[in-house]
Structures are given as structure tokens and as C-alpha cells.
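Residue numbers (the numbering used here): 602 to 702. We put the CB at the ideal spot given by N, CA and C, even for glycine. Have a look at the structure below before the remarks.
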Ligand SMILES: [Cu+2]
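In C-alpha cells form, the structure reads like this:
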């Protein structure tokens with residue numbers, strides 16, 4: 602089991618992009634993407650952690666191996682998710698319900 606933390610994934614697009622990227626280097630791998638935890642869990646068959654990480658990087662994300670310190674730190678984007686759909690671009694101080702006329 603290889604686990605990456607991928608801060609810049611936030612939607613189904615990212616899930617698909619990362620899953621496809623992993624399958625490209627390891628077609629038989631089991632890929633679980635947990636958007637809430639920002640984690641990608643991979644049961645690899647053919648690829649090692651470095652290859653899996655490189656594949657995710659190639660897809661445009663910044664994976665950080667969970668069993669290692671963030672030496673190759675994720676690129677900090679100004680907002681939105683790695684696939685560019687902007688799913689995470691919510692204003693930080695959005696009111697939680699109160700609407701003013
Ligand atoms: Cu996305």
C-alpha cells in the first residue's frame with residue numbers, strides 16, 4: 602500500500618486524472634482516492650512508489666508520500682484544484698447561511 606497526500610486535488614476530475622495517471626504506469630493497480638482526506642491510496646502491482654509519485658506529478662499534481670517527510674514539497678497553487686476546473690475556489694469567508702438583502 603502506497604499512500605500519497607495530494608493537497609491540490611479536490612474534485613472528480615482530479616480523481617479521474619490521478620487514477621488514469623497511476624493506471625498508465627501500473628494498469629493492474631488498485632487506486633482509492635479520498636478527496637476529503639486529500640489522500641491517494643494505491644495498491645501497486647507493477648510500479649514502485651517513486652514511479653507512482655512521478656506519474657501523479659506528470660498529471661499536474663504535487664503528491665507527498667505519507668511515509669516520508671515532504672522533501673519534494675507539493676507546489677502550492679494559489680487556488681483551485683490541480684485539474685484546473687477550479688472546484689476549490691470558494692471564498693474563505695463565505696457566510697454559512699445568513700443572507701443580507
Ligand atoms: Cu479537479
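Can you determine whether any heavy atom of ligand 1 sits closer than 7 Å to the C-beta of residue i, and answer yes or no?
i: residue 610; result: yes
Since residue i sits in a beta bridge, which residues does DSSP pair it with?
i: residue 632; result: 643
i: residue 604; result: 642
i: residue 623; result: Note: residue 623 sits in no beta bridge, so no partner.
i: residue 665; result: 606
Find the nearest neighbour of residue i within the set the options, judged by alpha-carbon distance.
i: residue 617; options: 646, 661, 668, 649; result: 661
i: residue 682; options: 625, 636, 603; result: 636
i: residue 602; options: 648, 613, 685, 619; result: 648
i: residue 656; options: 630, 685, 686, 611; result: 630
i: residue 605; options: 684, 652, 613, 685; result: 652
i: residue 666; options: 685, 645, 640, 686; result: 640
i: residue 659; options: 684, 612, 642, 611; result: 684
Are the CB atoms of residue i and residue j nearer to each other than 8 Å?
i: residue 663; j: residue 621; result: no
i: residue 668; j: residue 645; result: no
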